[in-house]
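Asker: Numbering-wise, the UniProt record's numbering puts 87 at position 63 of the sequence shown, and it's gapless, one number per residue.
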Amino acid sequence: RYLAAKDVRRRFVDFFLNENHNFIRSSSVKPYNDPSLEFVNAGMNQFKNVFLGIAPPPALRATNSQKCIRIGGKHNDLNTVGHDSYHHTFFEMLGNWSFGDYFKKESCEFAWNLLTSQPYSLEPDRLYTTYFGGDASLNLPPDNETKEIWEKIGVHKNRIIPFGLKDNFWEMGSSGPCGPCTELHYDHKGTVARPDCVNRDLQDLTELWNIVFIQYNRKEDGNLELLEQNFVDTGMGLERLTALLQGKNSNYDTDLFMPLFETISEVSGLQFYKGNFGPDDVDGLDTKYRILADHARMIAIAIADNVLPENSHGLRRVIRKSLIVSEQIMSRNQGVNESFVATNLLLEVIKQVSLVLHSAYPEMEFVLRNESNLWINLRESVKTEWKKLLTLDPNLEKLSDSQNQGLINACRELHSLGIYSGEKINRKMALTFYDRYGLSSQLIEELASIKGLKIDMDMLIKDIKDLKEINKAALMVSFKTSISGTSLLSSIKHCDLTDDSAKFQSRRGCN
Ligand code: ATP
Ligand code: MG
Ligand code: MG
Ligand code: MG
């Protein structure tokens, strides 16, 4: 039976409500009073002070689905996004917590029962569990208690794997609360899960759920002491779980992302998302679609929580990257209506994001109310970042409106002529950018660099000088006999091709 993402999310929360947990709303992605983090990156962030013993717990048991962003610091998945099927910049972390209430046994049983019973009904033989295998150098004992709990639950011993410090011991910082984790992984291919499996190919496993048992306090001197109260902190990626439950290998093939791909191909007029990765993604479009869809989600979520680009370096970076990708997608369709620019594509995808997510996160509705302040702000921010990108100039004030317009026109011309990254801006076109669009040679050089185009700057500078001379001369003679600057353009037109291609070839020959 097909389970939509919203039902996957609801089922998780309902399961824990039924086990006497309190629903605590997702916090904003902007951390509250925590300068050490640019974005909330885990469900536990809003409970940090409870674990530190500074704040009282909000309940004995809690559950929610937390909006998380991982683009910096200890958790930075930004450059992975688009290239694999299960890391996103923004994702939802389904979580349950015990604040001094239940501990290891109940946590493992909850997780196992939820995943293997209806309506999730994951195949038990495809689930692997890990436990902390200990670390002698740090004097940390193995968490055999958890190992035995999994054995009792009935997980085959070959699918209970000891993991080391990096993956299975959680610490908040160099001191403070910490403890071993146990994880549930899923075997997507079904090749690993044989009851007698000894030779495990862990490559085929995807981490699904991380359960942390906060049982120690690491003191300033590095020694561990047992906490008076034990805590449980868990997190499972909604997108990963949804992919499994919808029978997909990739998070992008779920109803969280497919509507975004529909928007991308509608607006760009290009093919629908094909779901290829790496070398199979021959034209690179699938990867670009994934990056754009992912980043549009992050941007929409961040802005809905009042993170504004002017105050957030991380958000600015993601907006810029998604604009570059949007531009690359738009320029693939040579016949596309020239009034469509990269900003339109990004904004349309963001609208679609809010349609997908607003029922779970009503703060996303700002996008749907077209003239809300946040939406206007978002639209303007995206346009501003686009102009900055085009000019590579973080100090926009230095450029006049007509220069900005000139850059946009020049981009459209390149686009409509189908001139792509790696190709060359020919001599005539470069001079047109100067003469018709009012761009300085420096701006033309920057435009070429951001678009990845080659340009002969010496030639352009010489041509601009000649053109100025001609224009000056034209002023001197009478109206009737005036020589217009365009005569230089037309004289270049004839020699252009041979001229450039000869040079291009000789340069290649040198390499
Ligand atoms: P991974 O090893 O796959 O990067 P992680 O160990 O960094 O995951 P945790 O910090 O344990 O992840 O977070 C808990 C859960 O959140 C993970 O088990 C996974 O399901 C999900 N998750 C983590 N990072 C991402 C991400 N970038 N995109 C989507 N889901 C994620
Ligand atoms: Mg990670
Ligand atoms: Mg991990
Ligand atoms: Mg983990």
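For every residue, glycine included, the Cβ atom is placed at its ideal position computed from N, Cα and C.
Which whole-angstrom value is the C-beta distance of His107 and Thr266, which I expect to be below 8 Å?
Answerer: Here residue 107 corresponds to residue number 83 of the sequence shown, with the count starting at 1. Here residue 266 corresponds to residue number 242 of the sequence shown, with the count starting at 1. 20 Å between Cβ atoms; not a contact.
Asker: Is there contact between the stretch 95 to 106 and the stretch 50 to 65, where contact requires at least three CB pairs shorter than 8 Å?
Answerer: Yes, since at least three Cβ pairs between the stretch 95 to 106 and the stretch 50 to 65 fall closer than 8 Å, the two stretches touch.
Asker: Of the choices Leu370, Arg314, Tyr385, Ser292, whose alpha-carbon is the least far from that of Gly302?
Answerer: Position 278 of the sequence shown, counting from 1, holds the residue named residue 302. Of Leu370, Arg314, Tyr385, Ser292, the residue nearest in Cα terms is Arg314.
Asker: Excluding the five sequence neighbours on either side, which residues of its own chain have a C-beta within less than 8 Å of the C-beta of Ser336, listed in chain order?
Answerer: Numbered from its first residue, the sequence shown carries residue 336 at position 312. Closer than 8 Å at Cβ, skipping near neighbours: Glu62, Ala326.
Asker: Can you tell me whether DSSP reads Asp329 as helix, strand or coil?
Answerer: For the purposes of this step, residue 329 is taken as the residue at position 305 of the sequence shown. Asp329: coil per DSSP, three-state reduction.
Asker: Is the beta carbon of residue 22 less than 8 Å from the beta carbon of Leu455?
Answerer: Absent from the model: residue 22. The displayed extent of the chain is 25 to 535, so no value can be given.
Asker: Is His99 close to ligand 2? I mean its beta-carbon at under 7 Å from any heavy atom of the ligand.
Answerer: Along the sequence shown, one-based indexing puts residue 99 at 75. Yes, the beta carbon of His99 sits closer than 7 Å to at least one heavy atom of ligand 2.
Asker: Does the Cβ of Glu207 have 16 or more other Cβ atoms within 10 Å, making it buried, or fewer, making it exposed?
Answerer: Looking up residue 207 in the sequence shown gives position 183. By the neighbour-count rule (16 or more Cβ atoms within 10 Å), Glu207 is buried.
Asker: So, at 6 Å on beta carbons, what are the nonlocal neighbours of Glu43 in its own chain, with the 5 sequence-adjacent residues on each side left out?
Answerer: Within the sequence shown, the letter at position 19 stands for residue 43. Counting only Cβ-Cβ distances below 6 Å, and skipping sequence neighbours, we find nothing.
Asker: Take Lys30 and list the residues in its own chain whose beta-carbon comes closer than 7 Å to its own, dropping the five residues that flank it on each side.
Answerer: For this step, residue 30 is matched to residue 6 along the sequence shown. So the qualifying residues of the chain are Ser383, Ala384.
Asker: Pick out whichever of Glu195, Trp194, Trp174 has its Cα sitting closest to the Cα of residue 11.
Answerer: Here the chain has residues from 25 to 535 only, and residue 11 is not among them.
Asker: Would you kindly work out how many angstroms separate the C-alpha atoms of Gln376 and Leu284, rounded to a whole number?
Answerer: Position 352 of the sequence shown, counted from the first residue, corresponds to residue 376. Position 260 of the sequence shown, counted from the first residue, corresponds to residue 284. Going from the Cα of Gln376 to the Cα of Leu284 covers about 6 Å.
Asker: Let's test the definition: count the other Cβ atoms within 10 Å of the Cβ of Gly38 and tell me whether it reaches 16, buried, or not, exposed.
Answerer: By 1-based counting over the sequence shown, the position of residue 38 is 14. Residue 38 is actually Asp in this sequence, not Gly. Label assigned to Asp38: exposed.
Asker: Under 8 Å between the Cβ atoms of Asn241 and Gly197?
Answerer: Locating residue 241 in the sequence shown gives position 217, counting from the first residue. Locating residue 197 in the sequence shown gives position 173, counting from the first residue. Not a contact, by the Cβ cut-off of 8 Å.
Asker: By the DSSP assignment, the alpha helix (DSSP H) with Asn192 in it spans what residues?
Answerer: On the sequence shown, residue 192 is found 168 positions in, with the first residue counted as 1. It spans 189 to 192 - the alpha helix (DSSP H) in which Asn192 sits, taken as one unbroken run.
Asker: Do you know how far the Cα of Lys181 is from the Cα of Leu146?
Answerer: Along the sequence shown, one-based indexing puts residue 146 at 122. Along the sequence shown, one-based indexing puts residue 181 at 157. Leu146 and Lys181: Cα-Cα distance of roughly 19 Å.
Asker: What distance in whole Å lies between the Cβ atoms of Gln142 and Gly119, which are believed to be in contact at a cut-off of 8 Å?
Answerer: Your numbering for residue 119 matches position 95 in the sequence shown. Your numbering for residue 142 matches position 118 in the sequence shown. Not really, about 22 Å apart at Cβ, beyond 8 Å.
Asker: Give a single yes or no on whether Glu231 has its beta carbon closer than 7 Å to a heavy atom of ligand 3.
Answerer: Position 207 of the sequence shown, counted from the first residue, corresponds to residue 231. Within the cutoff, so yes.
Asker: Could you tell me which residues DSSP puts in a beta bridge with Pro204?
Answerer: Here residue 204 is taken as the residue at index 180 of the sequence shown, counted from 1. Beta-bridge pairing links Pro204 to Phe193.
Asker: Could you compute how far the alpha carbon of Leu139 sits from the alpha carbon of Asn73?
Answerer: Start at 1 with the first residue of the sequence shown, and residue 139 comes out as number 115. Start at 1 with the first residue of the sequence shown, and residue 73 comes out as number 49. Straight-line Cα distance between these residues: approximately 30 Å.
Asker: What is the rounded straight-line gap between the Cα of Glu447 and the Cα of Ile288?
Answerer: One-based indexing of the sequence shown puts residue 447 at position 423. One-based indexing of the sequence shown puts residue 288 at position 264. Approximately 25 Å, taken between the alpha carbons.
Asker: Report yes if the C-beta distance between Leu280 and Glu263 is below 8 Å; otherwise report no.
Answerer: Here residue 280 corresponds to residue number 256 of the sequence shown, with the count starting at 1. Here residue 263 corresponds to residue number 239 of the sequence shown, with the count starting at 1. Closer than 8 Å, so yes.
Asker: What separation, rounded to the nearest whole angstrom, lies between the Cα atoms of Ala366 and Gln70?
Answerer: Here residue 366 corresponds to residue number 342 of the sequence shown, with the count starting at 1. Here residue 70 corresponds to residue number 46 of the sequence shown, with the count starting at 1. Near 36 Å, if we compare the C-alpha coordinates of Gln70 and Ala366.
Asker: May I have the straight-line CA-CA distance separating Thr154 from Gly124, to the nearest angstrom?
Answerer: Within the sequence shown, the letter at position 130 stands for residue 154. Within the sequence shown, the letter at position 100 stands for residue 124. Spanning the two alpha carbons is a distance of roughly 23 Å.
Asker: Mapping DSSP to helix, strand and coil, what is Gly119?
Answerer: Indexing the sequence shown from 1 puts residue 119 at position 95. Of the three classes helix, strand and coil, the one that applies to Gly119 here is strand, per DSSP.
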